[in-house]
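S.K.:
There are 2 protein chains.
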Amino acid sequence: VINASLLGVVREAGKHDAIESLYGARFGIDGILAEDFVDLSIQPRELVEAVSRTPSSALGSSRREVTKEDLQRLLAIFERHNIRYLFYNGGNGSMGTAWQIAKLARDRGVPLQVIGIPKTIDNDLVETDHTPGYASVARFFATAVRDIDADNRALRNQVEIVEVLGRNAGWLVAATSLARVKDDDGPHLIYLPENKLPLHKFLTDVETVYRRFNRCVVAVCEGQLDEAGEPFGADVRGGSRGALAMNLGHRLAMLISQNLKLRARSEKPGLLARASSLTITDSDWREAYDVGRFAVASAVQGETGKMVTLIRSSETPYEVTYGLVDLQKVAFIERIVPANWITSEKNGVTNEFQAYALPLVGEIPALPRLN
Amino acid sequence: VINASLLGVVREAGKHDAIESLYGARFGIDGILAEDFVDLSIQPRELVEAVSRTPSSALGSSRREVTKEDLQRLLAIFERHNIRYLFYNGGNGSMGTAWQIAKLARDRGVPLQVIGIPKTIDNDLVETDHTPGYASVARFFATAVRDIDADNRALRNQVEIVEVLGRNAGWLVAATSLARVKDDDGPHLIYLPENKLPLHKFLTDVETVYRRFNRCVVAVCEGQLDEAGEPFGADVRGGSRGALAMNLGHRLAMLISQNLKLRARSEKPGLLARASSLTITDSDWREAYDVGRFAVASAVQGETGKMVTLIRSSETPYEVTYGLVDLQKVAFIERIVPANWITSEKNGVTNEFQAYALPLVGEIPALPRLN
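From first to last, the protein sequence lines stand for chains P and F. Letter by letter, the first sequence follows residues 180 to 550 in this note's numbering. Letter by letter, the second sequence follows residues 180 to 550 in this note's numbering.
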C-alpha cells in the first residue's frame with residue numbers, strides 16, 4: 180500500500196500554495212543522490228489513483244546504507260533544487276535516515292522540513308499502533324495458511340511448513356493464527372522469532388501434533404533461530420538489514436524427514452506475500468492514504484523531524500486517528516511482539532494478540548466442510 | 180475446482196432415478212478400501228454449493244499405488260454395497276486406476292460403470308483440450324509473477340527466481356508468459372521441463388537479461404533438469420508420481436550468486452498455488468461443474484470405461500463442449516507442451532502457446548506505472 184501513501188501526499192500537496200512542485204525520488208535515496216526525479220505534479224490524476232492500488236513502490240526502493248558524505252550531498256541537492264519538504268517512507272531504518280537528515284539540516288540552518296511516513300509489512304515500528312502494509316500482508320499469510328491447511332487435510336500424512344516474512348519480528352507469522360477456527364485447523368504450531376527454538380523442542384511439538392491429527396501445519400518466521408542462535412543450518416545471506424536465512428522452511432522440512440521419518444515439505448510465498456495484488460485490504464489502503472495526507476498537512480503547519488503515527492482511538496468499532504512522534508524515538512528501533520502475547524509453550528499466540536490483529540486484518544472466514 | 184465437479188455429480192445424480200444413493204469416498208481410493216464413505220445424498224444443498232467454491236478436495240485425496248489385490252477388494256466392495264457407478268476424479272494416474280477397475284469389472288462380469296472426471300492443475304492429460312484446475316492455478320502463477328516483477332523492478336539489482344508447479348510438464352510455467360506486456364516486463368526467462376537446461380546456458384541467459392535491464396525475473400518449473408538429467412543439485416524426494424526436487428528455485432538462486440556474483444533469491448509459492456482460494460476463475464469452476472454433470476449423464480446413458488473430455492468448439496468467443504474418450508487412451512500418459520510452442524532459444528513460449536492459454540486463463544492486466 181506504499182503507493183496509497185504516495186497518492187495521499189500528491190493529493191494533499193496539491194491543496195497547499197506553499198508547495199509549488201512535487202518530485203518523487205526514483206529508487207529512494209539513490210534517486211535523490213542521482214537527482215533522478217519524477218515530476219509528480221504533472222502525472223495525470225487518474226494515473227496516480229490507479230497506481231495507488233498497485234503493490235510495490237511505484238517510485239522504487241533502495242538498499243543503500245547512507246554515509247556521512249551522502250547526508251552532506253543530500254542537503255546540497257535540496258538547497259540547489261529549493262526542496263523545502265522531504266517525505267520519507269519506510270521502516271525503522273528509513274526513519275533513522277530521515278532523522279539524520281532532519282538533524283543535519285537543523286544543525287546547518289538549512290530550511291528543510293522532514294516528515295517520516297511509516298510503511299513496513301513487518302509492523303516493527305515503535306510508537307505507532309501498527310504500520311501501513313502490515314494488514315494486507317498479514318491477510319495474505321493468514322489466507323494462505325488456511326488454504327494450505329485445506330490441502331494438508333485432504334492429503335493428510337504430511338507435515339507442511341509455511342515460511343512467513345518478518346525478519347526478527349513475529350507480527351506476520353502470529354497473524355496466521357487468524358486462520359484457526361476449530362481445534363483441528365492449522366496452523367497447529369506458530370513460531371515467533373522473538374524466542375529461540377531448540378531443534379528438539381520443534382521436533383517434539385511436530386510429533387505431538389502429528390500423532391493427534393495425522394498431519395501438521397507449521398507457520399514459521401523466516402528469521403527463526405535455534406538454541407544456538409543459528410538458522411538450523413539454512414543458507415544465509417547478508418544485507419543492509421543484517422543476515423537472513425534464505426531457505427529456512429525447506430531446511431526444517433528436511434530435519435523433520437530425517438529425524439521423525441515423516442513426509443514433510445515447505446512452501447515459501449516469500450516476496451509474493453508483500454507484492455501480491457490479491458489481498459490489499461480497504462482499511463490498510465485507506466490508512467496508508469491518510470498517513471500520506473497527514474504527513475503533508477503536518478509539514479505545511481511547520482512540523483519537522485517527526486513520523487506520522489497511527490493511534491487506535493476505538494476498539495469497537497475499530498477506529499484510528501493520526502499523530503506525530505519524534506523521528507529519534509523510532510529511528511533504528513525494532514518493535515517485537517510482547518512476550519505475554521505468546522503462549523507459554525512458545526508455539527502459538529494468546530487472545531491478546533488476536534484482539535490486536537483481528538480489527539486490522541479482518542476475519543478470515545473458515546472454509547465450509549462436508550458433514 | 181475439484182469440488183465444483185463434486186457439485187456437478189451431486190446435482191446430476193439427483194435427477195436420475197437409476198441412482199438411489201450417492202457416496203463420496205473419503206481420501207479417494209483409500210476411502211473405498213476402508214469403506215469410509217460420506218453420504219452425499221443427505222448433505223444440505225447449500226453446503227455442497229458452498230463447498231464447491233473451496234480449494235482442495237473436500238473428500239480428500241490419496242497417494243496410494245493401487246495393487247492387484249486392491250483391485251479385487253474394490254470390486255468386492257462395490258458388489259457388497261450395490262455400487263453400480265464409479266466416478267473417478269484426477270489426473271493420468273487416476274485415469275489409469277479407473278481404467279484398471281473398469282477392465283477388471285468387465286472381465287469379471289461385475290455390473291459397474293466407470294467414468295473418469297479429469298482434474299489436474301498440471302494440464303498433462305492427453306485427448307482433452309485442457310483439464311479443469313489448470314486455468315485457476317495458471318492464473319495464480321501469472322498474477323504472482325506479474326506482482327513479483329513489480330517488486331523486482333522497484334528494488335532492481337536482483338535476480339528473482341519463481342518456482343512453478345507442474346512436475347514434468349511446462350503448462351503452468353508457460354502460462355506466466357501472460358504476465359508480460361512490455362519488453363522489460365518479467366518473466367524475462369521461462370524454462371519448461373520439456374527441455375533439459377544446461378547450467379552454462381541458464382547462467383548466460385540470466386547474465387544477458389541482467390546486463391540489459393539491471394534485473395531479471397525467471398520462471399522455472401519445479402521439475403526442470405540440467406544437461407545431466409539432474410535437478411542442479413537440489414534435494415529430491417521420491418513419491419508415487421516419481422522423484423521431484425524440493426528446493427529447485429533456491430538451488431538456482433545459489434548457483435547465480437556463486438557463479439555470476441549477482442544478488443539472487445527465490446520464491447516458491449508451492450502448494451499455495453493449487454490451494455489458493457484467491458484465483459479460482461469463473462470459467463474453470465463452470466467447466467469443472469459441467470464435467471461432473473456430463474460424467475453422471477454419460478454413465479446413466481450406459482457409458483463406461485471413458486473419461487470426459489473438454490473440446491474447444493470455438494476460438495472466438497472461446498467455447499467448450501464435452502465428449503468422451505476411452506480411459507485406456509489417457510491412462511498413465513503425460514501430455515507435454517508441443518516443441519513448436521517453445522521458442523528456439525528454449526527460454527520462452529511462442530504466440531501459439533499464448534493463443535491456447537489466454538482464453539483459459541484470461542487476460543492478466545498490466546499494472547499501471549507512473550510516466
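Ideal Cβ placement from N, Cα and C applies to all residues, glycine included.
Thinking C-beta only, is residue 420 (chain F) closer than 8 Å to residue 346 (chain F)?
M.R.: In contact: residue 346 (chain F) and residue 420 (chain F) (Cβ atoms closer than 8 Å).
S.K.: Starting from the Cα of residue 490 (chain F), find the closest Cα among F:310, F:255, F:198 and give me that residue.
M.R.: When each option's Cα is compared against that of residue 490 (chain F), the closest is F:310.
S.K.: If you count every other CB in all the chains shown that lies within 10 Å of the CB of residue 530 (chain P), and 16 or more means buried, which is it?
M.R.: Residue 530 (chain P) is exposed by the Cβ-count criterion.
S.K.: Buried or exposed, going by whether 16 or more other CB atoms sit within 10 Å of the CB of residue 480 (chain F)?
M.R.: Residue 480 (chain F) should be labelled exposed.
S.K.: Which residues in chain F have a C-beta closer than 9 Å to the C-beta of residue 206 (chain P)? List them in chain order.
M.R.: By Cβ distance, chain F contributes 333, 334, 335.
S.K.: Compute the distance between the beta-carbons of residue 412 (chain F) and residue 390 (chain F), then report whether it is under 8 Å.
M.R.: No, Cβ-Cβ distance for residue 412 (chain F) and residue 390 (chain F) is not below 8 Å.
S.K.: Interface residues of chain P around residue 547 (chain F) at Cβ under 7 Å?
M.R.: Here the neighbours are 226, 229, 230, 233.
S.K.: How would you list, in chain order, the residues of chain B whose beta-carbon sits under 7 Å from the beta-carbon of residue 446 (chain F)?
M.R.: In the structure shown, chain B does not exist; the protein chains are P and F.
S.K.: Looking at the structure shown, is residue 503 (chain F) part of a helix, part of a strand, or coil, going by DSSP?
M.R.: Looking at residue 503 (chain F) - three-state DSSP - the assignment turns out to be strand.
S.K.: Starting from residue 429 (chain P), find everything on chain F with Cβ-Cβ shorter than 7 Å and list it in chain order.
M.R.: What residue 429 (chain P) touches in chain F: 425, 426, 429.
S.K.: Suppose the cutoff is 8 Å on Cβ atoms and the five residues either side in sequence are ignored; what does the same chain contact list for residue 238 (chain F) look like?
M.R.: Only 185, 203, 204, 205, 206, 207, 210, 217 meet the Cβ criterion.
S.K.: Contact between the stretch 360-379 of chain F and the stretch 325-345 of chain F is defined here as three or more beta-carbon pairs at a separation below 8 Å; is this criterion met?
M.R.: Touching, per the Cβ criterion.
S.K.: Going by DSSP, what residues sit across from residue 297 (chain F) in a beta bridge?
M.R.: BP columns for residue 297 (chain F) point to F:269.
S.K.: Nearest to residue 415 (chain P) by alpha carbon, out of F:415, F:433, F:410?
M.R.: Taking only the C-alpha atoms, the option nearest residue 415 (chain P) is F:433.
S.K.: Answer with buried or exposed for residue 538 (chain F), where buried requires no fewer than 16 other C-beta atoms within 10 angstroms of its C-beta.
M.R.: Classification for residue 538 (chain F): buried.
S.K.: Output the distance between the C-alpha atoms of residue 191 (chain P) and residue 468 (chain P), rounded to the nearest integer angstrom.
M.R.: For residue 191 (chain P) and residue 468 (chain P), the distance between alpha carbons rounds to 10 Å.
S.K.: I need the straight-line Cα distance from residue 487 (chain P) to residue 504 (chain P), nearest angstrom please.
M.R.: Near 7 Å, if we compare the C-alpha coordinates of residue 504 (chain P) and residue 487 (chain P).
S.K.: Could you check the C-alpha separation between residue 450 (chain F) and residue 446 (chain P) for me, to the nearest Å?
M.R.: Cα to Cα, residue 450 (chain F) sits roughly 7 Å from residue 446 (chain P).
S.K.: With a cut-off of 8 Å on the beta carbons, I'd call residue 276 (chain P) and residue 264 (chain P) a contact; round off their distance for me.
M.R.: Not really, about 16 Å apart at Cβ, beyond 8 Å.
S.K.: Cβ of residue 492 (chain P) less than 8 Å from any chain F Cβ?
M.R.: No, residue 492 (chain P) lies away from the interface with chain F (no Cβ there is under 8 Å from its Cβ).
S.K.: Per DSSP, what are the beta-bridge partners of residue 292 (chain P) in this structure?
M.R.: Answer by DSSP bridge pairing, in chain order: P:264.
S.K.: Compare the beta carbon distance of residue 438 (chain P) and residue 351 (chain P) with 8 Å and say whether it is the shorter of the two.
M.R.: Cβ atoms of residue 438 (chain P) and residue 351 (chain P): not closer than 8 Å.
S.K.: Within the chosen definition, does the stretch 304-320 of chain F reach the stretch 283-291 of chain F through at least 3 CB pairs nearer than 8 Å?
M.R.: Too few Cβ pairs lie closer than 8 Å, so no.
S.K.: Can you tell me which of F:349, F:250, F:290 puts its alpha carbon nearest to the alpha carbon of residue 517 (chain F)?
M.R.: When only C-alpha atoms are compared, the closest one is F:349.
S.K.: Residue 504 (chain F) CB to nearest chain P CB: under 8 Å?
M.R.: Not closer than 8 Å to any Cβ of chain P, the Cβ of residue 504 (chain F) fails to qualify, so no.
S.K.: Measuring straight from C-alpha to C-alpha, what distance separates residue 304 (chain F) and residue 384 (chain F)?
M.R.: Answer to the nearest angstrom: the Cα atoms are 31 Å apart.
S.K.: Distance, Cα to Cα, residue 333 (chain P) vs residue 395 (chain F)?
M.R.: Using only the alpha carbons, I get a separation of about 36 Å.
S.K.: To the nearest angstrom, how far is the alpha carbon of residue 187 (chain P) from that of residue 295 (chain P)?
M.R.: Their Cα atoms are separated by approximately 14 Å.
S.K.: If you run the structure through DSSP and keep just helix, strand and coil, what is residue 497 (chain P)?
M.R.: Looking at residue 497 (chain P) - three-state DSSP - the assignment turns out to be coil, as it is neither helix nor strand.
S.K.: Are the beta-carbon atoms of residue 406 (chain P) and residue 423 (chain P) separated by less than 8 Å?
M.R.: Against a cut-off of 8 Å, the Cβ pair of residue 423 (chain P) and residue 406 (chain P) comes out as no contact.
S.K.: Have a look at P:463, P:475, P:485, P:512 and flag the residue whose alpha-carbon is nearest the alpha-carbon of residue 497 (chain P).
M.R.: Answer by Cα proximity: P:463.
S.K.: Between residue 189 (chain P) and chain F, is the shortest Cβ-Cβ distance under 8 Å, so that the two count as touching?
M.R.: It does not: the Cβ of residue 189 (chain P) has no partner Cβ on chain F nearer than 8 Å.
S.K.: Helix, strand or coil for residue 492 (chain P) per DSSP?
M.R.: Of the three classes helix, strand and coil, the one that applies to residue 492 (chain P) here is strand, per DSSP.
S.K.: By a C-beta neighbour count over all protein chains shown, 10 Å radius and 16 as the cutoff for buried, is residue 196 (chain P) buried or exposed?
M.R.: Classification of residue 196 (chain P): exposed, given that the 10 Å Cβ count is below 16.
S.K.: Can you list the residues of chain F that residue 237 (chain P) reaches, using a CB-CB cut of under 8 Å?
M.R.: Neighbours of residue 237 (chain P) on chain F, chain order: 333, 548, 549.
S.K.: Ordered along the chain, which non-local residues of its own chain (more than five positions away) have a Cβ less than 7 Å from that of residue 453 (chain P)?
M.R.: So the list reads 300, 316, 344, once near-sequence residues are dropped.
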